[in-house]
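Student:
Residue numbers (the numbering used here): 17 to 472.
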């Protein structure tokens with residue numbers, strides 16, 4: 017007997033996994049009635065948002081190869097905002113992949129939505145929990161093949177994963193999936209395929225499509241820091257303005273040379289070459305051979321299906337169909353999300369990815385400077401005290417020590433800091449009063465300096 021789900025939802029796991037033996041407790045429908053009749057899709061307990069007509073590309077994160085899908089992440093957040101308009105309806109976004117969970121979490125942080133009773137987690141970590149509304153972002157789609165979590169027909173892990181995902185809601189289950197991809201890639205006996213088949217027959221199905229000249233479903237007008245452009249031509253002017261206004265760095269990955277870049281590459285010429293660095297990669301990188309200074313053309317991810325333009329690691333333009341001048345474009349104006357995507361999409365060489373590397377290492381309990389605490393083994397990292405910066409144990413065991421010249425040099429390399437005057441390497445130096453600062457390796461010819469406190 018189950019006490020959580022509205023009966024319209026419990027029929028799904030009952031049919032697929034419990035052989036008709038699952039019964040509903042008394043009054044379970046009454047308790048879930050208000051959520052069932054709330055937005056989105058009022059009155060529907062089972063909802064399938066089909067991504068077959070949307071450029072919802074499934075990609076792999078650069079390091080762990082965990083999967084993520086930018087478009088479905090945006091739709092998951094949009095659906096969560098719609099369901100949580102008054103903040104009273106609890107919403108859980110669950111996904112099979114850690115990379116997608118991290119991406120959605122970063123977006124929620126940037127959008128200041130983490131306090132609004134919206135939670136995101138992998139399905140595995142959500143086991144035992146429940147929410148009024150569950151959004152199951154399946155992530156899968158072209159150009160990938162189905163991941164191992166879903167592909168094995170006899171895989172108990174896959175069956176358990178799907179069962180947990182669909183049995184967490186009290187009043188509404190929303191599934192984001194590419195139906196055609198699933199039905200053409202998986203057998204009829206597959207638990208994930210059977211789930212979508214049931215939703216197609218018994219749920220409220222909506223075929224999402226990218227809007228034309230009006231906003232339709234993709235990108236709710238209330239989501240700040242996200243802008244959708246139906247075509248690259250409509251985005252051109254704003255892209256060029258942002259490129260011209262760059263302060264430190266422009267990173268472009270252009271994956272195709274079959275069609276012209278849908279903005280003027282000469283907008284890059286307006287940038288100050290002494291301050292702005294250019295990182296260009298992809299098959300279409302030759303379009304940017306226009307005599308730019310301070311440019312690095314490198315290999316990057318050769319099979320990347322998206323066109324990407326990043327400005328100062330604060331905004332990221334994503335061209336969903338880079339070979340199509342009329343293809344749609346999404347602008348992410350979220351700094352923390354952009355930092356994560358720089359690492360996921362390998363927009364700059366590894367040695368240049370600093371902030372995301374720092375956060376990832378610290379979260380994993382590893383020392384970015386290669387300095388474990390001699391007392392407990394946890395990472396040592398920067399702390400600021402009365403007399404400036406020092407190194408302290410992140411586990412708060414009490415161990416601290418001064419920053420050495422070598423520490424400062426390693427820190428500069430890790431954070432991608434170089435001399436802003438001549439481009440030389442930043443190295444640690446002792447000051448007249450015993451403190452450590454960064455200076456140019458070309459000293460005394462170049463007298464550039466930078467304080468360590470400015471790095472915090």
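Idealized CB from N, CA, C, for every residue including glycine.
Counting only the same chain and skipping the five closest in sequence on each side, list residues whose C-beta sits under 7 Å from that of residue 424.
Tutor: The answer, listed in chain order, is 444, 452, 454, 468.
Student: Determine whether the beta carbon atoms of residue 138 and residue 112 lie at a separation below 8 Å.
Tutor: For residue 138 and residue 112, yes; Cβs fall inside 8 Å.
Student: When you compare only the Cα positions, how much space is there between residue 149 and residue 338?
Tutor: Rounded to whole angstroms, residue 149 to residue 338 spans 35 Å at the Cα level.
Student: Just how far apart, CA to CA, sit residue 236 and residue 93?
Tutor: At residue 236 the pLDDT is 48, less than 50, meaning the model places this residue with poor confidence; the figure from the coordinates comes in the next sentence. So the alpha carbons of these two residues sit roughly 9 Å apart.
Student: Quick one: what's got a C-beta closer than 8 Å to residue 303's C-beta in the same chain, skipping five residues either side?
Tutor: Excluding positions up to five away in sequence, the list reads 270, 273, 276, 277, 281.
Student: Which residue or residues does DSSP assign as beta-bridge partners of residue 266?
Tutor: For residue 266, which the question treats as bridged, DSSP gives the partners 294, 327.
Student: Candidates 307, 310, 144, 360: which alpha carbon is nearest residue 324's?
Tutor: The option with the nearest alpha carbon to residue 324 is 360.
Student: State buried or exposed for residue 309, treating a residue as buried only when at least 16 other CB atoms are found within 10 Å of its CB.
Tutor: Counting Cβ neighbours within 10 Å, residue 309 comes out exposed, since fewer than 16 surround it.
Student: Specify, as a first and last residue, the run of the alpha helix (DSSP H) that residue 456 falls within.
Tutor: Residue 456 -> not in any alpha helix (DSSP H); beta strand (DSSP E) instead, spanning 452–456.
Student: Would DSSP call residue 20 helix, strand or coil?
Tutor: In this structure, residue 20 counts as coil in the three-state DSSP scheme.
Student: Helix, strand or coil for residue 282, going by three-state DSSP, please let me know.
Tutor: Of the three classes helix, strand and coil, the one that applies to residue 282 here is helix, per DSSP.
Student: Note the first and the last residue of the continuous alpha helix (DSSP H) segment covering residue 214.
Tutor: Element bounds for residue 214: 207–218.
Student: Would you call the stretch 186–194 and the stretch 36–55 in contact, with 3 or more CB pairs under 8 Å?
Tutor: With a cut-off of 8 Å, the stretch 36–55 and the stretch 186–194 count as touching, because enough Cβ pairs lie within range.
Student: Hey, out of 293, 446, 174, 54, whose CA is closest to residue 63's CA?
Tutor: That would be 54, whose Cα lies nearest to the Cα of residue 63.
Student: Indicate whether residue 191 and residue 245 have their beta-carbon atoms separated by less than 8 Å.
Tutor: Not closer than 8 Å, so no.
Student: Spatial neighbours of residue 228 within its chain, please: CB distance less than 7 Å, with the 5 preceding and 5 following residues excluded, ordered by chain position.
Tutor: Summary for residue 228: the model assigns pLDDT 45, below 50, so the residue's position carries little reliability, and this model does not support an answer.
Student: So residue 105 and residue 99 are in contact, right, with Cβ under 8 Å, and what is the actual spacing, rounded?
Tutor: The pair is a contact, with the Cβ atoms about 5 Å apart (cut-off 8 Å).
Student: Return the Cβ separation of residue 406 and residue 417 in integer angstroms, given the expectation that the two are a contact with Cβ distance under 8 Å.
Tutor: Indeed they touch by this definition, with Cβ atoms about 7 Å apart.
Student: If we ignore side chains and look at the alpha-carbon of each, how far apart do residue 22 and residue 220 end up?
Tutor: Computed Cα separation, rounded: 15 Å.
Student: Confirm, please, whether the CB-CB distance from residue 208 to residue 174 is below 8 Å.
Tutor: Against a cut-off of 8 Å, the Cβ pair of residue 208 and residue 174 comes out as a contact.
Student: How big is the Cα-Cα spacing for residue 393 and residue 298?
Tutor: Straight-line Cα distance between these residues: approximately 40 Å.
Student: Which parts of the stretch 113–151 are runs of the beta strand (DSSP E), unbroken and 3 residues or longer, counting only runs that do not cross its ends?
Tutor: Within the stretch 113–151, the complete beta strand (DSSP E) runs of at least 3 residues are 134–138.
Student: Counting along the chain, where does the beta strand (DSSP E) carrying residue 399 start and finish?
Tutor: Unbroken beta strand (DSSP E) run through residue 399: 396–401.
Student: So is residue 17 buried or exposed if we call it buried at 16+ other beta carbons inside 10 Å?
Tutor: Exposed: under 16 other Cβ atoms inside 10 Å.
Student: With the cut-off set at 8 Å, would you say residue 223 and residue 69 are in Cβ contact?
Tutor: Result yes, Cβ atoms of residue 223 and residue 69 sit closer than 8 Å.
Student: Please classify residue 335 as buried or exposed, where buried requires at least 16 other C-beta atoms within 10 Å of its C-beta.
Tutor: By the neighbour-count rule (16 or more Cβ atoms within 10 Å), residue 335 is buried.
Student: State the DSSP-derived secondary structure class of residue 31, mapped to helix, strand or coil.
Tutor: It is helical.
Student: Grab me the residues of residue 82's own chain with a C-beta within less than 6 Å of its C-beta, minus the 5 sequence neighbours each way, in chain order.
Tutor: Around residue 82: 113, 114, 115.
Student: Using 8 Å as the threshold, is the C-beta distance between residue 24 and residue 61 below it?
Tutor: It is a contact, given that the beta carbons lie within the stated cut-off.
Student: Please look up how many angstroms separate the CB atoms of residue 301 and residue 292, rounded, as I've assumed it's under 8 Å.
Tutor: No, residue 301 and residue 292 are not in contact; Cβ-Cβ is about 17 Å, not under 8 Å.
Student: Check whether the Cβ atoms of residue 172 and residue 197 lie closer than 8 Å to each other.
Tutor: No, they are not a contact pair.
Student: Kindly indicate the opening and closing residues of the alpha helix (DSSP H) around residue 351.
Tutor: 351–361 is the extent of the alpha helix (DSSP H) around residue 351.
Student: Taking the alpha-carbon positions, what's the residue 398 to residue 356 distance?
Tutor: Taking the straight line from one Cα to the other gives about 21 Å.
Student: Alpha carbon to alpha carbon, how far is residue 395 from residue 411? Give it in angstroms, no decimals.
Tutor: Distance between the alpha carbons of residue 411 and residue 395 is about 8 Å.
Student: Per DSSP, residue 459 forms a beta bridge with which residues?
Tutor: The partner list for residue 459 (beta bridge, DSSP) is empty, contrary to what the question assumes.
Student: Grab the span of the alpha helix (DSSP H) containing residue 88 for me, first residue to last.
Tutor: Looking at the DSSP string, the run of the alpha helix (DSSP H) that includes residue 88 is 86–99.
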